[in-house]
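K.L.:
To get this note's numbering, take the position in the sequence shown, counting from 1, and add 910.
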Amino acid sequence: MTVKRVIASEHQRRDLEDSFAKDSPMAIVNKYPVDVEVPERLVHFWRDVVSRIDAKDPSTIYESDDLLQCEFVYGGLADPDNRYFGFTYFPFDEDPDTEWEFFLSESELRRIASGLQQSIQAFRCQDPRCLLMHSAPDGYCPNCDNVLDYVDEFGDMRKAYPALDDVTINVMVAMRRIVHGLLQSTTENHEWPRHAIYSSNDEPILSWRVGLLPYIDQVDLFRRVAVDEPWDSPSNRRLWNEMPSVFRTRSDLALPDTHVTAVIDDNTMWPLRGGRHWRDVRKGTSYTAAVLELTGWATNWMRPDDVTLPDVLRASREESRGASGDNIIVAGMVDGNATPFSGEAIIEGLLIG
Ligand SMILES: [Zn+2]
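#1: Got a sec, what are the start and stop residues for the alpha helix (DSSP H) Ala1200 sits in?
#2: Using the Cα positions of Arg1119 and Glu1113, report the straight-line distance between them to the nearest angstrom.
#3: Starting from Gly1049, trace the beta strand (DSSP E) both ways and give me its first and last residue.
#4: Alpha carbon to alpha carbon, how far is Lys1193 from Ile1174?
#5: So what's Ala1248 in DSSP terms, helix, strand or just coil?
#6: Check Gly986 in the structure and name its three-state DSSP category.
#7: Out of Asp958, Val1191, Thr1195, point me to the one whose CA is closest to Glu1016's CA.
#8: Tell me whether Leu1042 counts as near ligand 1, meaning its Cβ is closer than 7 angstroms to at least one heavy atom of that ligand.
#9: Given a cut-off of 8 angstroms, decide if Ala1225 and Trp1239 are closer than it, judged by their beta-carbon atoms.
#10: DSSP three-state call for Gly1263: helix, strand or coil?
#11: Look at the alpha carbon of Val1201 and the alpha carbon of Ala1164, and state the distance between them as a whole number of angstroms.
#12: Which residue's Cα is closest to the Cα of Glu1101: Val1244, Ile1256, Ile1257, Asp945?
#13: Name the residue from Met1085, Gly1121, Ala1172 whose alpha carbon lies nearest to the alpha carbon of Thr1218.
#14: Would you mind sorting Tyr972 into buried or exposed? The rule is 16 or more other CB atoms within 10 Å of its CB.
#15: One question on the structure: do Val1089 and Gly1246 come within less than 8 angstroms of each other, judged by their Cβ atoms?
#16: Check the DSSP bridge columns for Asp945 and list the partner residues they point to.
#17: What are the boundary residues of the beta strand (DSSP E) that includes Glu1011?
#18: For a test of your reading of the model: does the CB of Asn1053 fall under 7 angstroms from any non-hydrogen atom of ligand 1? Yes or no.
#19: Beta-carbon separation of Phe1251 and Gly1259 under 8 angstroms?
#20: Whose C-beta lies closer than 7 angstroms to the C-beta of Met1153 among residues of the same chain, with five residues either side of it excluded?
#21: Measure the C-alpha to C-alpha separation of Glu1254 and Pro1103 and round it to an integer number of angstroms.
#22: Is it true that the stretch 978-994 meets the stretch 1006-1023, where meeting means three or more beta-carbon pairs spaced less than 8 angstroms apart?
#23: Near Glu1011, what residues of its chain come up, given a Cβ to Cβ distance below 6 angstroms and the 5 sequence neighbours on each side ignored?
#24: When every heavy atom of ligand 1 is checked, does at least one fall within less than 7 angstroms of the C-beta of Asp1007?
#25: Output needed for Val1081: all residues of its chain with C-beta closer than 6 angstroms, excluding positions within five of it in sequence on either side, in chain order.
#26: Could you pull out every residue in the same chain whose Cβ sits closer than 6 angstroms to the Cβ of Leu1058, ignoring the five residues on either side in sequence?
#27: Here's the rule I'm using: 16 or more other beta-carbon atoms within 10 Å means buried, otherwise exposed. How should Arg1039 be labelled?
#28: Who pairs with Pro1114 in a beta bridge, going by DSSP?
#29: Would the C-beta of Cys1035 count as close to ligand 1, meaning under 7 angstroms from any of its heavy atoms?
#30: What's the C-alpha gap between Asn1237 and Leu1074?
#31: Just confirm the distance between the C-beta atoms of Gly1065 and Lys941, as a whole number of angstroms; I'd bet it's less than 8 angstroms.
#32: For Val1083, collect the residues of the same chain with a Cβ closer than 7 angstroms to its Cβ; drop the 5 residues on either side in sequence, then sort them by chain order.
#33: Using a 10 Å radius around the Cβ and a threshold of 16 neighbouring Cβ atoms, would you call Val944 buried or exposed?
#34: For Asp975, name the three-state secondary structure that DSSP assigns.
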């Protein structure tokens, strides 16, 4: 296990593919912060590390997760650019499975070594029986986190956005699932999904929302779609009322309508013609919006029908929702998260560069 954590380059494109190859972050339950008193033997160990740093010992210069070690701790320089060190400590000699992970700057190590600092912030699991300590609130715990389950997405989102009302939180969860589907599709097809499925005559006949079905656990429904027929053919009409719940963001929305839309434009993720690749996302995936919920607009979920930038601009001036009275539009971001935008800021978010 390693405690390496990316600090400076979170928004870099390559991280997207990495993070997507890994398990869903939704499976991890947030840990709560605690102050851990640094055990005496660890103080001694870190004092030795600091003297090695001062001596420019290679073990403190090269990136590693185990060049610095003794019988109860191992670690090394995790982030050479920012001089952060990661350590895995075994607090109980009789229990080799209990690990405490620490992620410390060089200056923090120096403060501990010199006695100026006696404790470190770490993160503990919600379950009091779990004795592991993590270096980050979203650290993965082999005891408590099940990477195969989607646990409490609503609760996680509520913690991240305490000021938003429950309806908006639900929209955020739906948006995140939709974007994760889009990302999975991109990984498999080496291209961001196109805004429509086209006929052999080059006519748009079905929405990207239909193309997304296999990637949002709706493989059976997708198999029943006549993908060479228009969205309103007799055969496809029979599926109108089977709209997946992620597209039904409001309980008062009548089937088969959805408020979930792509934004068609040469400068968004959804050009009218052609596809998108990661190199097109010049602004970074965390800052680029992929899909929106626009409550002032609705369409049949199977229909290749989406909004344009002027539609969004108009909506951003009209929408009003939430306890704060802010105009909020929820977007699923290209990095797999969901973000609430206030007013016209959404326009900037939609542009790829
Ligand atoms: Zn745990």
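Even for Gly, the Cβ is constructed at its ideal location relative to N, Cα and C.
P.N.:
Result, derived from the coordinates:
#1: Not the alpha helix (DSSP H): Ala1200 falls in the beta strand (DSSP E), residues 1199-1203.
#2: 16 angstroms
#3: Per DSSP, Gly1049 belongs to no beta strand (DSSP E) and is neither H nor E.
#4: 18 angstroms
#5: strand
#6: Strand at Gly986.
#7: Ranking Asp958, Val1191, Thr1195 by Cα distance to Glu1016 puts Asp958 first.
#8: yes
#9: Per the sequence presented here, residue 1239 reads as Ile, with Trp not at that position. Yes, Cβ-Cβ distance for Ile1239 and Ala1225 is below 8 angstroms.
#10: In the structure shown, Gly1263 adopts coil according to DSSP, grouped into three states.
#11: 20 angstroms
#12: Val1244
#13: Ala1172
#14: exposed
#15: Closer than 8 angstroms, so yes.
#16: Bridge pairing for Asp945: Gln1031 [DSSP].
#17: 1010-1015
#18: yes
#19: yes
#20: Leu1165, Pro1166, Thr1168, Trp1211
#21: 26 angstroms
#22: yes
#23: Val913, Thr998, His1044, Ser1045
#24: Asp1007 Cβ: outside cutoff for every heavy atom of ligand 1.
#25: Taken in chain order, the residues that qualify are Thr1159, Glu1203, Val1240.
#26: Its pLDDT being 44, under 50, Leu1058 is placed unreliably in this model, and the value from its coordinates should be taken loosely. Nothing listed; no residue qualifies.
#27: With fewer than 16 neighbouring CB atoms inside 10 Å of its own CB, Arg1039 falls in the exposed class.
#28: For Pro1114, DSSP records a beta bridge to Tyr1108.
#29: yes
#30: 12 angstroms
#31: The Cβ separation is near 14 angstroms, so there is no contact.
#32: Glu1063, Phe1064, Met1067.
#33: exposed
#34: coil
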